[in-house]
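Enquirer:
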Amino acid sequence: MAYLAIFFAYPLGSILERSLGGDSGFGFDPFRVLLSDSYYLGRIWFTVWQAVVSTLLTLAVGLPVAFLFARYEFPGKTLLKAVSTLPFVMPTIVVAMGFTALFGSQGIINSTMMSMFGMEEPPIRISNSLTIIFMAHAFYNYAIIVRIVSALWSNLDPSLEHSAKVLGAGPIRTFYHVTLPMLLPAIVSGSLLAFAFSFTSFGVVLVLGGP
């Protein structure tokens, strides 16, 4: 408790005190000034919408993998599940540098393609772009979706889906009307976590997005 008080509560309290006026007195004027500045509003809006897009891409990548782990048994499944969590436990700066090394103008993929096909210019130009930021966020966060959704998916009662099929529902209708509603709590929980990490991901945006 003493550790949390010294290294968490005190710094957080000091920041909150300063943000509410500090020595000049309590008030919300600093927030009003911040939210009336078009520059900061633009930065806030960019942060929000890129986090939303990153979350949607994370779902697009993570849900099929979650389905695979939940519904199929295959050799190496345990190892693959463990490996799938590696991106999330890596520091964000390492993920960003890895994407630069792979997809940068002088990265491994571009260098290999230029060497193989005799190109003078790199064929993949996504450095310092939103595309590479979205890719990095999806790579970093998809493990959240995989772990949370696959855990629930694997424990769903299969008799409900079987009953829907017996009553004439096709695979798509069964998924949307039976499976998806049961998965929604896990999907929402994973999405909120992915959004939070994308929203606060400073290192990835700084390294991959340029100055």
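Using UniProt numbering, read the sequence shown as starting at 1 and increasing by one per residue.
Beta carbons are placed, not taken as given, at the ideal position from N, Cα and C, and that holds for glycine.
#1: In terms of residues, what are the limits of the alpha helix (DSSP H) holding A164?
#2: Rounded to the nearest angstrom, what separates S105 and S111 at their Cα positions?
#3: Would you please state the rounded distance, in angstroms, between the beta carbons of A51 and S198? I believe it to be under 8 Å.
#4: For V33 and V48, what's the separation of their Cα atoms in angstroms?
#5: Taking the alpha-carbon of S150 as reference, which of F69, G170, G27, F26 has the nearest alpha-carbon?
#6: Report the CB separation of F139 from P87 in whole angstroms; it is logged as a contact under 8 Å.
#7: Which of the three DSSP states, helix, strand or coil, is assigned to Q106?
#8: Keeping to the same chain, check which residues put their C-beta closer than 7 Å to that of A66; ignore five residues upstream and five downstream.
#9: Taking the alpha carbon of G190 as the reference point, which residue from G209, N141, P158, P171 has its own alpha carbon closest?
Expert: In terms of the structure at hand:
#1: Per DSSP, A164 belongs to the alpha helix (DSSP H) from 158-166.
#2: C-alpha separation (whole angstroms): 8 Å.
#3: Contact holds; Cβ gap of about 4 Å.
#4: Their backbone Cα atoms lie some 20 Å apart in a straight line.
#5: From the listed residues F69, G170, G27, F26, the smallest Cα separation to S150 is found for F69.
#6: Here F139 really is in contact with P87; their C-beta atoms are around 5 Å apart, less than 8 Å.
#7: Coil.
#8: These residues qualify, in order along the chain: I145, V146, V149, S150, W153.
#9: Looking only at G209, N141, P158, P171, the smallest Cα-Cα distance to G190 is reached by N141.
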